[in-house]
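Written out below as structure tokens is the structure these notes cover.
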Amino acid sequence: MTAPAPVTVRVPAKVNVQLAVGGRRPDGFHDLANVFLAVGLYDEVTVTPADTLRITCEGPDAALVPLDRTNLAARAALALAERHGRAPDVHIHIRKDIPVAGGMAGGSADGAGALLACDALWGTAASREELLAICAELGSDVPFSLVGGAALGRGRGELLTPLEVGGVFHWVFAAADGGLSTPAVYGEFDRLTQDVSVPDPEPSAALLAALRAGDVTALAGALANDLQPAALSLRPSLAETLAAGTEAGALAALVSGSGPTTAFLAKDAASAGRIAGALTASGHCRTARTAVSPAPGATVL
Ligand code: ATP
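Numbering of the sequence shown is given in this note's numbering, commencing with residue 9 and proceeding in unit increments.
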């Protein structure tokens, strides 16, 4: 018998167009109203039969990616193999284009990608519900990486409702030097809000309407990230990056998720190109790239 052919899955990054964060729960998590939008920056995960579970990674940030069983892609393969009573013997290769620890759910993308790729390679034929359940066990952002498009996440962000998007939005993403740890940013959020009463997180009706209408001006006015003050407190230089993008013509600027990647909403593709050029030249970021949204979720190539 010949070995099955390798399977490659492409998975998008995300930006949170609204990230409303509630107070710290007794289990340490925070309730969220998390509006995810998948953007066209992708990792590619390729799985090949192997003697043992092994991970390799290529790309500008590859040195920052763990190659042991803590990698979300490895954890996804292990979870699927265990459920289906088989050995997780697979070589997982990640072509990483999503910034690492950048607040764009790159690790989550690789987890969702490896899950879908192993399912195809092994012929486990898991249902969509089973795949989503495994994703939710792996992490709060992993289910969205599988489905893509746009969605409202409740609970820790893993309870998804798909959202309609009525147009294409043009973005610029500025990667910063070094990452920010998501738990550290939530810790800083807790510290900054310890003396105030944090309201229950609710999705913004104006934001959902802007997405539905594909109205970039309305979306720019409704973008909101409750983690931004915490990310700026831990990384004050991000304020200069945000200002540089706004000066270059962005309709709105915000920290992406827990940062330190910053996101800039542009009027159109030409404006996005100009903003990316200005940000790169400004020296306030490591790289600046354009991307469009919404993007499809994890897809077998
Ligand atoms: P989020 O936006 O979901 O909070 P993030 O984009 O800020 O996440 P990731 O790139 O997902 O951050 O990585 C966070 C940490 O997870 C990394 O520092 C790394 O140690 C670990 N990690 C585990 N698996 C991966 C992976 N496949 N790719 C990148 N990092 C991974």
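Every residue gets a Cβ at the ideal spot worked out from N, C-alpha and C, and that includes glycine.
- Rounded to whole angstroms, G36 and N42 show a C-alpha spacing of 17 Å.
- Not one heavy atom of ligand 1 is found less than 7 Å from the C-beta of V29.
- In the displayed model, S189 falls within coil according to three-state DSSP, outside both helix and strand.
- Checking the 7 Å criterion, the Cβ of G111 is within range of a heavy atom belonging to ligand 1.
- When the Cα atoms are used, T270 and A144 turn out to be separated by approximately 26 Å.
- Secondary structure of E66 (DSSP, three-state): strand.
- Residue pairing by DSSP puts L167 in a beta bridge opposite R162.
- Counting along the chain, the unbroken alpha helix (DSSP H) around E255 starts and ends at 246-255.
- The beta carbon of A85 sits closer than 8 Å to those of V55, L61, P96, V98, I100, A122, L123, C126, all from its chain and outside the five residues before and after it, given in chain order.
- Of the heavy atoms belonging to ligand 1, at least one sits nearer than 7 Å to the Cβ of V73.
- Using a Cβ-Cβ distance cut-off of 8 Å, the stretch 239-250 and the stretch 202-219 are not in contact, since fewer than three pairs of beta carbons, one from each stretch, lie closer than that value.
- In this structure, DSSP gives Q202 a state outside helix and strand, which the three-state scheme calls coil.
- The residues V43, G157, A158, A159, L160, L216, L219, R220, in chain order, have a CB closer than 8 Å to that of L171 in the same chain once the five nearest residues on each side in sequence are set aside.
- Three or more beta-carbon pairs separated by less than 8 Å link the stretch 100-113 to the stretch 253-273, which places the two stretches in contact.
- The three-state reading of DSSP puts G48 in strand, counting E and B together.
- Residue nearest to T190 within the set Q202, F181, R243 is R243 (criterion: CA-CA distance).
- The continuous alpha helix (DSSP H) containing I283 extends over residues 277-290.
- Counting only the Cα atoms, A13 lies some 36 Å from W179.
- Using a 10 angstroms sphere on the CB of D208, the tally of other CB atoms stays under 16, which defines it as exposed.
- Taken through DSSP and simplified to helix, strand or coil, I100 comes out as strand.
- Taking a C-beta distance under 8 Å as the contact criterion, V47 and P20 qualify as a contact pair.
- Between ligand 1 and the CB of I102, the shortest heavy atom gap is smaller than 7 Å.
- Rounded to the nearest whole angstrom, the CA to CA distance from V176 to D59 is 44 Å.
- For T54, the Cβ stays outside the 7 Å cut-off from all heavy atoms of ligand 1.
- Taking a 10 Å sphere around the C-beta of Q236, we find 16 or more other C-beta atoms and assign the residue as buried.
- The beta carbon of A238 sits closer than 7 Å to the beta carbons of V193, E196, F197, L200 from its chain, once the five residues preceding and following it are set aside; these are given in chain order.
- Ranked by Cα distance from V206, the first of G305, P302, R33, G119 is R33.
- By a beta-carbon distance limit of 8 Å, G305 does not contact I283. Their separation comes to about 27 Å.
- With a cut-off of 7 Å, the C-beta of N79 is classified as near ligand 1, since at least one heavy atom of the ligand falls inside that distance.
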